[in-house]
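Numbered per my numbering, the sequence shown spans residues 259 to 441. Let me begin by presenting the structure, written as structure tokens, before commenting on it.
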Amino acid sequence: MSVRTALTLINQTLDEVLAEQEGEFDGDTRWALAWFEQFGMNEGPFGEADVLSRAKNTSVDGLEQAGIVKAHGGKVRLLSRKELSREWDPVSDKRLTVWEVTQHLIRTLEEKGEIGVAELVAELGGIGETAKDLAYRLFTLCEKKGWAKEALAYNSLAVAWPEISRLAFSTTRDEKPEQGNLF
Numbered sequence: 259m260s261v262r263t264a265l266t267l268i269n270q271t272l273d274e275v276l277a278e279q280e281g282e283f284d285g286d287t288r289w290a291l292a293w294f295e296q297f298g299m300n301e302g303p304f305g306e307a308d309v310l311s312r313a314k315n316t317s318v319d320g321l322e323q324a325g326i327v328k329a330h331g332g333k334v335r336l337l338s339r340k341e342l343s344r345e346w347d348p349v350s351d352k353r354l355t356v357w358e359v360t361q362h363l364i365r366t367l368e369e370k371g372e373i374g375v376a377e378l379v380a381e382l383g384g385i386g387e388t389a390k391d392l393a394y395r396l397f398t399l400c401e402k403k404g405w406a407k408e409a410l411a412y413n414s415l416a417v418a419w420p421e422i423s424r425l426a427f428s429t430t431r432d433e434k435p436e437q438g439n440l441f
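Below is the structure:
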């Protein structure tokens, strides 16, 4: 078997595994993933957003209530991480989505590092692990599309996850988390 053939088979299998993971995601997240794949963070027609939302068992209004899209003037777009509410509280969020959790985790990682993310993961419980899975799925998507900056953000969360999990576990045991160092 040639290297090219082997890589093709590996990529096909990886795509199948990642597609199966989508079943773990809520309807809003499945919509956001499909929209992101087609439009990135750019605007798209409301009609397409509406049709896609029905297929994913959600609505554009619901997506706005979830705080992940902006719809105006016949156009819809995903909110960037910088546009997400700074007052977001996962405990009181009435429409918590894996998409939103993932974006907040990445923003927290960028702004507060692994300890900051670990504190958030400790609050989130199991949805944090699903958010990590989405980050990896988004990394592979961005890599295929050539969106290097976004790919790096998603990969950063996935790569840091083992340490984040360790720190989050320390946080839940009422210990002060301590980030390890290399020296």
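Beta carbons: idealized from backbone N, C-alpha and C, even for Gly.
Please state the DSSP three-state secondary structure of residue i.
i    : result
G371 : helix
L337 : coil
A324 : coil
P420 : helix
G302 : strand
Cα-Cα, which of the options is closest to residue i?
i    : options                   : result
D284 : L321, W419 and G305       : L321
G383 : P348, K340, N300 and A313 : P348
T287 : I326, E369 and P303       : I326
E298 : A409, A416 and S414       : It is Gly, not Glu, that sits at residue 298 in the sequence shown. Checked all of A409, A416 and S414; the closest Cα to G298 is A409.
L378 : K340, S414 and F427       : F427
Y394 : E369, A418 and G374       : A418
T355 : R344, A329 and G386       : G386
P420 : E372, S350 and L392       : E372
Here's a check: name, in chain order, each residue in its chain whose Cβ is nearer than 7 Å to the Cβ of residue i, leaving out the five neighbours to either side.
i    : result
Q323 : R353
L276 : At L276 the pLDDT is 49, less than 50, meaning the model places this residue with poor confidence and gives no usable figure here.
For residue i, count neighbouring Cβ atoms within 10 angstroms of its own Cβ and tell me buried if that reaches 16, exposed if not.
i    : result
L367 : buried
Q361 : buried
K403 : exposed
Within its chain, find whatever has a CB closer than 6 Å to the CB of residue i; leave out the 5 residues flanking it on each side and keep chain order.
i    : result
A307 : V318 and V334
S311 : W289, S317 and V318
Give me, in chain order, the residues of the same chain whose beta-carbon lies closer than 8 Å to that of residue i; leave out the 5 immediate sequence neighbours on both sides.
i    : result
G302 : W293, Q296, K333, V334 and R335
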